[in-house]
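S.K.:
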Amino acid sequence: MALPQNQRAPHLTTNTHDPLIDLRVVDEAGGDHLLGERYLKPNLAEAVTTDAVVSQMKGAHDSLRNGFTAMKAALRSQDPTMTPEANFMDLKKRADGWLDSIAKLATDASTQAKRTIEGIDNDIRAKLEIEDGPRSNEIRRHLLGLKENDRLTVALKAIDAGDKETMAAVLIGPSFLSGFSDDQRTMLRNRQGEKMAGDLIARKKVLEECISTNLRTVDEALSAVDAIFPRHRVEEITKRRQATKAVRDGFHPL
Numbered sequence: 037m038a039l040p041q042n043q044r045a046p047h048l049t050t051n052t053h054d055p056l057i058d059l060r061v062v063d064e065a066g067g068d069h070l071l072g073e074r075y076l077k078p079n080l081a082e083a084v085t086t087d088a089v090v091s092q093m094k095g096a097h098d099s100l101r102n103g104f105t106a107m108k109a110a111l112r113s114q115d116p117t118m119t120p121e122a123n124f125m126d127l128k129k130r131a132d133g134w135l136d137s138i139a140k141l142a143t144d145a146s147t148q149a150k151r152t153i154e155g156i157d158n159d160i161r162a163k164l165e166i167e168d169g170p171r172s173n174e175i176r177r178h179l180l181g182l183k184e185n186d187r188l189t190v191a192l193k194a195i196d197a198g199d200k201e202t203m204a205a206v207l208i209g210p211s212f213l214s215g216f217s218d219d220q221r222t223m224l225r226n227r228q229g230e231k232m233a234g235d236l237i238a239r240k241k242v243l244e245e246c247i248s249t250n251l252r253t254v255d256e257a258l259s260a261v262d263a264i265f266p267r268h269r270v271e272e273i274t275k276r277r278q279a280t281k282a283v284r285d286g287f288h289p290l
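Residues in the sequence shown are numbered consecutively from 37, following the numbering used here.
In structure tokens form, the structure reads like this:
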């Protein structure tokens, strides 16, 4: 199929003043979570050595960081047998594949951490023995009749004394039955938890921090890839490639 004299066949070109891969963007891509070793924080570093779930979360985070470092190195490597556009699209495909695999790894690790937290919550409830007793209504009526400061004092003393019966009466049912506000009861629940199940709560907090850390790291990886491979560039090259293929297929389809 011949083209008019003044019409050029669509082809891939390189604008040297506007490189497809902007190394300044590559240098600036990634945030503190993707670039830094977040699991060196004292509370996490200690947990890594004793908690298999935290160790798994660190492994996922390390894979994210190391994979991103490898991607940045690849972005600086131009295959001499490829045009810049082909090189760009090849690296984009590799980056997408990396994101898919690393997202699955991070999701699997986070799912395990969330399941572990559910088990910890069950263990905390069992340890605190928060269930109505035969005198729960009587205890609630007594607390309701006290002044606010006296009511709090009684509850705090019950926690210090390990009085599970009184605290169960406080924590079960609507808060107004015993005269506490929702915020006060949340404070009392946390105080009792620290007193009677501090080890479990400490582990739960570490796992929650791990989940938050890895989620933030995945988000930074997604944002970095989007910045390095702008969508409009990908779409432009794809359209030009399709146009070129159409012209060539007009000669002889492969």
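Think of the CB as a built atom: it goes at the ideal place given N, C-alpha and C, for glycine as much as any other residue. Model, not experiment: these values are computed from the prediction.
Give me, in chain order, the residues of the same chain whose beta-carbon lies closer than 6 Å to that of Ile195; leave out the 5 immediate sequence neighbours on both sides.
M.R.: The residue labelled residue 195 in the question sits at position 159 within the sequence shown. Same-chain partners within the cutoff: Arg227, Gln228 and Lys231.
S.K.: Beta-carbon within less than 8 Å of Glu271's beta-carbon, same chain only, minus the 5 sequence neighbours each way: which residues are those?
M.R.: One-based indexing of the sequence shown puts residue 271 at position 235. Excluding residues within five positions, none has a Cβ falling inside 8 Å.
S.K.: Give the range of the alpha helix (DSSP H) segment to which Phe287 is assigned.
M.R.: On the sequence shown, position 251 is the one that residue 287 refers to. Segment Arg267 to Phe287, the alpha helix (DSSP H) holding Phe287.
S.K.: DSSP state of Ser113, grouped into three classes?
M.R.: Here residue 113 refers to the residue found at position 77 of the sequence shown. In this structure, Ser113 counts as coil in the three-state DSSP scheme.
S.K.: With a 10 Å radius around its C-beta and 16 neighbouring C-beta atoms as the bar for buried, classify Lys94 as buried or exposed.
M.R.: Taking the sequence shown and counting its residues from 1, the one referred to as residue 94 is at position 58. So Lys94 ends up on the buried side.
S.K.: Work out the CA separation of Ala238 and Met107 for me, nearest whole Å.
M.R.: To locate residue 107, count along the sequence shown from 1; it is residue 71. To locate residue 238, count along the sequence shown from 1; it is residue 202. For Met107 and Ala238, the distance between alpha carbons rounds to 36 Å.
S.K.: Can you check which of these residues, Ser146, Asp186, Asp199 and Asp235, is closest to Gly215 by C-alpha distance?
M.R.: Sequence index remark: in the sequence shown, residue 215 carries index 179 (1-based). When only C-alpha atoms are compared, the closest one is Asp186.
S.K.: Taking only runs that begin and end inside the stretch 187-226, name each unbroken alpha helix (DSSP H) of 4 or more residues, in chain order.
M.R.: Listed in chain order, the complete alpha helix (DSSP H) runs (minimum 4 residues) inside the stretch 187-226 are 200-207.
S.K.: Over what stretch of residues does the alpha helix (DSSP H) that includes Pro120 continue unbroken?
M.R.: Counting from one through the sequence shown, the residue named residue 120 turns up at place 84. Looking at the DSSP string, the run of the alpha helix (DSSP H) that includes Pro120 is Pro120 to Leu164.
S.K.: Determine contact between the stretch 283-290 and the stretch 96-114, defined as no fewer than three beta-carbon pairs at a distance below 8 Å.
M.R.: With the cut-off at 8 Å, the stretch 283-290 and the stretch 96-114 do not touch.
S.K.: Taking one C-beta from the stretch 237-251 and one from the stretch 69-87 each time, how about it: are there three or more such pairs within less than 8 Å?
M.R.: Taking 8 Å as the limit for Cβ pairs, the verdict is that the stretch 69-87 does touch the stretch 237-251.
S.K.: Which same chain residues end up closer than 7 Å to Met37 when comparing Cβ atoms and leaving out the 5 residues on each side of it in sequence?
M.R.: In the sequence shown, counting from the first residue as 1, residue 37 sits at position 1. Only weak support is given to the placement of Met37: the predicted model assigns it a pLDDT of 42, under 50, and the value that follows is read from those uncertain coordinates. Cβ within range, chain order: Gly286 and Phe287.
S.K.: If you drop the 5 nearest sequence neighbours on each side, which residues of the same chain put their C-beta closer than 7 Å to that of Gly103?
M.R.: For the purposes of this step, residue 103 is identified with residue 67 of the sequence shown, where counting begins at 1. So the qualifying residues of the chain are Trp134 and Ile138.
S.K.: Hey, how far is the Cα of Ala260 from the Cα of Arg161?
M.R.: Mapped onto the sequence shown, residue 260 falls at position 224. Mapped onto the sequence shown, residue 161 falls at position 125. Cα to Cα, Ala260 sits roughly 42 Å from Arg161.
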